[in-house]
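Participant: Each step along the sequence shown adds one to the number in the working numbering, with nothing skipped, and position 91 is 104.
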Amino acid sequence: MDWLNEDIRTLGVGDFFRRLSRHAAEFRPDWIVGMSDTYYGWIANGLGRTTGARVAIDAYDNYEAYMPWNLPLHAFWRRSIRAADLVTAAGPQLAQRLQSHRRGGRPVEIIPMAADPEFRPLDKQACRRTLGLPAEGRLVGYVGSWARNRGTTMLIDSFRQARAVRPDLQLVLSGKPPPEALAEPGVVSTGYVPDAQLPDVINALDVACVVTADTSFGRYSYPAKLCEAMACHVPVVATDTEPVRWMLAGSTDHLVQHGDAASFAKRMLDLLDAPRAEYGPRPTWQDQALKLDQLFSEVVR
Numbered sequence: 014m015d016w017l018n019e020d021i022r023t024l025g026v027g028d029f030f031r032r033l034s035r036h037a038a039e040f041r042p043d044w045i046v047g048m049s050d051t052y053y054g055w056i057a058n059g060l061g062r063t064t065g066a067r068v069a070i071d072a073y074d075n076y077e078a079y080m081p082w083n084l085p086l087h088a089f090w091r092r093s094i095r096a097a098d099l100v101t102a103a104g105p106q107l108a109q110r111l112q113s114h115r116r117g118g119r120p121v122e123i124i125p126m127a128a129d130p131e132f133r134p135l136d137k138q139a140c141r142r143t144l145g146l147p148a149e150g151r152l153v154g155y156v157g158s159w160a161r162n163r164g165t166t167m168l169i170d171s172f173r174q175a176r177a178v179r180p181d182l183q184l185v186l187s188g189k190p191p192p193e194a195l196a197e198p199g200v201v202s203t204g205y206v207p208d209a210q211l212p213d214v215i216n217a218l219d220v221a222c223v224v225t226a227d228t229s230f231g232r233y234s235y236p237a238k239l240c241e242a243m244a245c246h247v248p249v250v251a252t253d254t255e256p257v258r259w260m261l262a263g264s265t266d267h268l269v270q271h272g273d274a275a276s277f278a279k280r281m282l283d284l285l286d287a288p289r290a291e292y293g294p295r296p297t298w299q300d301q302a303l304k305l306d307q308l309f310s311e312v313v314r
């Protein structure tokens, strides 16, 4: 693998594209893959035109929800989806949305999210010691961003109700939660944790909380932290959006209607009393790499 690191934020779109064009002219790829944001979809499409390479675009979120006001960028993104030789999505809801932008050609393929192999069951007490978390008591936790389009405002209310029943319950938060969350009695903050320690955070928990909302973002969101908790065999309570329900195969043991703080709290308590983490077979990175390679071969044929 040859790794070239160019920063679009530093260079700007024009210089970034020109540098990639020079690299691509030297490398002469068979495929160019755009992923992670709208910018990279239409940049990949442009590079495909200049080099003659086939273009694949992969999406794990509804990227248009990141900047809903940027309509010109959305138009470029949709144009690149129409033109791509191959489009892959993290789940069926997102695949259906992307398919609506295509006017023929190969249907959008689904390659589900898979957890980094580092996410696996680990000793709970050892993980708590590593992170300086309380050895005793019960820990529920949320690992992820705080934003209105993720529905995280409900989490503190749910925790407060659950803690009224179990005073030993504590809520572990990573990253940079808002001040009102950190001020809540029973909240424990890890701050930002290095990526290498994120498996420790999840394995330190008795229950992992996954919160998304019925928004233009949440309706197409397949949370990586849900994949990671499942890979660690940690019980999960999650808001019942269509993508999350699909990831959990419709298991009612883990799903709660969004906005229902009382039911979310009750499900936390139920899983603390009777832990359940049987999620069935989960795809691996190797599985998904083989599937993508097969799709590349099918398009070429």
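Backbone N, C-alpha and C define an ideal beta-carbon position, used for all residues, glycine too.
(1) Residue 201 and residue 185 - do their beta-carbons sit closer together than 7 Å?
(2) If distances are taken between C-alpha atoms only, which option among 30, 37, 119 comes closest to residue 70?
(3) One question on the structure: do residue 151 and residue 285 come within less than 7 Å of each other, judged by their Cβ atoms?
(4) Below 8 Å, can you find three or more Cβ-Cβ pairs linking the stretch 24-41 to the stretch 186-195?
(5) DSSP three-state label for residue 204, please.
(6) Thinking C-beta only, is residue 248 closer than 7 Å to residue 314?
(7) Under 7 Å between the Cβ atoms of residue 103 and residue 68?
(8) What ranges does the alpha helix (DSSP H) occupy inside the stretch 56-128, keeping only unbroken runs of at least 4 residues that lie completely in it?
(9) Starting from residue 270 and walking both ways along the alpha helix (DSSP H), at which residues does that stretch end?
(10) In angstroms with no decimal places, state the Cα-to-Cα distance between residue 172 and residue 306.
(11) Less than 7 Å between the C-beta atoms of residue 134 and residue 245, yes or no?
(12) With DSSP run on the structure shown, which of helix, strand or coil describes residue 182?
(13) Ignore the nearest five residues each way along the sequence and tell me which others in residue 51's own chain have a CB closer than 6 Å to its CB.
(14) From the DSSP output, in three-state form, read off residue 225 for me.
(15) For residue 54, collect the residues of the same chain with a Cβ closer than 6 Å to its Cβ; drop the 5 residues on either side in sequence, then sort them by chain order.
(16) What residue does the beta strand (DSSP E) around residue 252 start on, and which one ends it?
(17) Starting from residue 1, follow the alpha helix (DSSP H) in both directions and report where the run begins and ends.
(18) Quick check on DSSP: helix, strand or coil for residue 152?
(19) For the putative contact between residue 60 and residue 88, defined by C-beta atoms under 8 Å, what is the C-beta separation to the nearest angstrom?
(20) Leaving out the 5 sequence neighbours to the left and right, which residues in its chain are closer than 7 Å to residue 225 when beta-carbon positions are compared?
Facilitator: Inspection of the coordinates gives the following:
(1) It is a contact, given that the beta carbons lie within the stated cut-off.
(2) Ranking the options by Cα distance to residue 70, first place goes to 119.
(3) Yes, the Cβ-Cβ distance between residue 151 and residue 285 is below 7 Å.
(4) Output reads no: the stretch 186-195 does not touch the stretch 24-41.
(5) Strand.
(6) The Cβ atoms of residue 314 and residue 248 lie no closer than 7 Å to each other.
(7) No. Outside cutoff.
(8) If only uninterrupted alpha helix (DSSP H) runs of at least 4 residues are considered, those enclosed by the stretch 56-128 are 84-96, 105-112.
(9) Run containing residue 270: none; DSSP gives neither H nor E here.
(10) Their Cα atoms are separated by approximately 44 Å.
(11) Taking 7 Å as the Cβ cut-off, residue 134 and residue 245 qualify as a contacting pair.
(12) Three-state DSSP puts residue 182 in a strand.
(13) Taken in chain order, the residues that qualify are 76, 86, 90.
(14) Coil.
(15) Cβ neighbours of residue 54 beyond the five flanking positions: 47, 70, 90, 93.
(16) It spans 249-252 - the beta strand (DSSP E) in which residue 252 sits, taken as one unbroken run.
(17) No information on residue 1 is available, as it lies outside the stretch 14 to 314 that the chain covers here.
(18) Strand.
(19) The Cβ separation is near 19 Å, so there is no contact.
(20) For residue 225, the CB contacts under 7 Å within the same chain, skipping 5 residues up- and downstream, are 163, 164, 231, 234, 236, 252, 254, 257 in chain order.
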